[in-house]
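Chains as they are written, first to last, in this note's numbering: chain W, 12 to 240; chain P, 717 to 864.
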């Protein structure tokens, strides 16, 4: 199943869905993160199933909703795409190959060269702080198997705000195998990064994520959780 | 007016407002218990301000008034900490609830013959029209400038 979290992406979402559907026959699920534009209408017309969040939960909250949906429907694999057209659905096949072979639990489509020097410095800082040895920390182009989904839909992961360091920390502490494969990323159809667009949000993001590294999130390996609440 | 009357007045007003809020059921459960304890403490201290002197002498504090300030400050900090813990817990539950609502609505949509009929959205009527040709070519210049 392909899941696409979207907030105010009415301009790009239809094309992203159409492209994904051209490559795959699996359902495309868009999680409408309380958009204020016509994202919902565009997504429904383009043939996606739409989950409508009544509150703005952020990219990770939307992704988790999609994962809970996929998990409940019994899917073995889930692929997440950004709604702004950065990711090429043609890369999904190489992305899920390691999951099919059982070589990894999560595969990240990485393109570390796409970002600015300042952002690479920030990533370097987080790599040092968290001890995560991955190139691309923030990529939203990922594939998860059922085991990874099972852990990431737990309530303790619900308080995360972004899909990057916090999620990677949970995966590592749970002993799940994360693999990176290089992909190319295109320019966004419109708009720019939601996080790296003002000094205030950057500072907020850096502090929040630093706190995550300190918090013992994702501990208690193997502890089961209930998806029912 | 003596300091005794002043402290009694302040104590009674504060405890009175707390008890009034309690009676009006604006505070519930554990919060009510915390505030009723505080109201009793305020009445005690207000009607008997020399209590701090006794406690201070017992604890070996040479400047008695500071003991009341110190304890009050510590209690405020504890209260704020528990409030933030509670807020985090509520935030988590709120997010789970929002997710669950989205999941349940999707299930409802799948069950209803006219999908998305439950759509509570001003543009919902558009969905009943058949999609027109060319709708998917989103490289339409009129919408290309949309701010992110």
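The C-beta atom is built at its ideal place from N, Cα and C for all residues, glycine as well. All of these numbers come straight from a predicted model, not from anything done at the bench.
Is it buried or exposed, residue 46 of chain W, if we count other Cβ atoms within 10 angstroms and call 16 or more buried?
By the Cβ neighbour-count rule, residue 46 of chain W is buried, with 16 or more other Cβ atoms within 10 Å of its own.
Find the residues of chain W that neighbour residue 804 of chain P, judging by a C-beta separation of less than 9 Å, and give them in chain order.
170
Please report the distance separating the alpha-carbon of residue 176 of chain W from that of residue 89 of chain W.
19 Å
Would you say residue 20 of chain W and residue 73 of chain W are within 8 Å of each other, going by their C-beta atoms?
no
Determine which residues of the stretch 732 to 758 of chain P have a Cβ less than 8 Å from any Cβ of chain W, and write them out in chain order.
The residues in question: there are none.
State buried or exposed for residue 104 of chain W, treating a residue as buried only when at least 16 other CB atoms are found within 10 Å of its CB.
Counting every other CB atom within 10 Å of its CB across the protein chains shown gives residue 104 of chain W a total below 16, marking it as exposed.
According to DSSP, what are the bridge partners of residue 193 of chain W?
Note: residue 193 of chain W sits in a beta bridge opposite W/121.
Identify each residue in the stretch 113 to 144 of chain W for which the Cβ-Cβ distance to at least one residue of chain P is less than 7 Å, and report them in chain order.
none
In the DSSP output, what is residue 89 of chain W paired with across the bridge?
W/155
Does the distance from the CB of residue 71 of chain W to the CB of residue 171 of chain W come in under 8 Å?
yes
Mind listing which residues of the stretch 67 to 90 of chain W have their C-beta closer than 8 Å to chain P's C-betas, in chain order?
68, 72, 75, 76, 79, 80, 83
Beta strand (DSSP E) containing residue 41 of chain W: first to last residue?
39 to 43
Looking only at its own chain, which residues have a Cβ that is under 7 Å from the Cβ of residue 30 of chain W, when we skip the five neighbours before and after it?
Taken in chain order, the residues that qualify are 100.
Which residues, in chain order, does the stretch 176 to 193 of chain W contribute to contact with chain P at a C-beta distance below 8 Å?
In summary, no residue of the stretch 176 to 193 of chain W has a CB separated from any CB of chain P by less than 8 Å.
For residue 720 of chain P, which residues from the same chain have a beta carbon less than 8 Å from its beta carbon, with the 5 sequence-adjacent residues on both sides left out?
Counting only Cβ-Cβ distances below 8 Å, and skipping sequence neighbours, we find 765.
Can you give the Cα-Cα distance for residue 842 of chain P and residue 741 of chain P, rounded to whole angstroms?
In this predicted model, residue 842 of chain P has a pLDDT of only 45, less than 50, meaning its place in the structure is not dependable; the value taken from the coordinates is given anyway. Those two C-alpha atoms are separated by around 47 Å.
Confirm, please, whether the CB-CB distance from residue 187 of chain W to residue 117 of chain W is below 8 Å.
yes
Can you tell which of W/15, W/226, W/210, W/193 has its C-alpha closest to the C-alpha of residue 125 of chain W?
W/193
Chain P partners of residue 153 of chain W, CB-CB under 7 Å?
Going along chain P, no residue has its Cβ under 7 Å from residue 153 of chain W, so there is no contact; the nearest lies around 19 Å.
Using 8 Å as the threshold, is the stretch 57 to 64 of chain W in touch with the stretch 12 to 28 of chain W, meaning 3 or more CB pairs across them?
yes
Using the DSSP secondary-structure output, state which residues sit across from residue 17 of chain W in a beta bridge.
W/43
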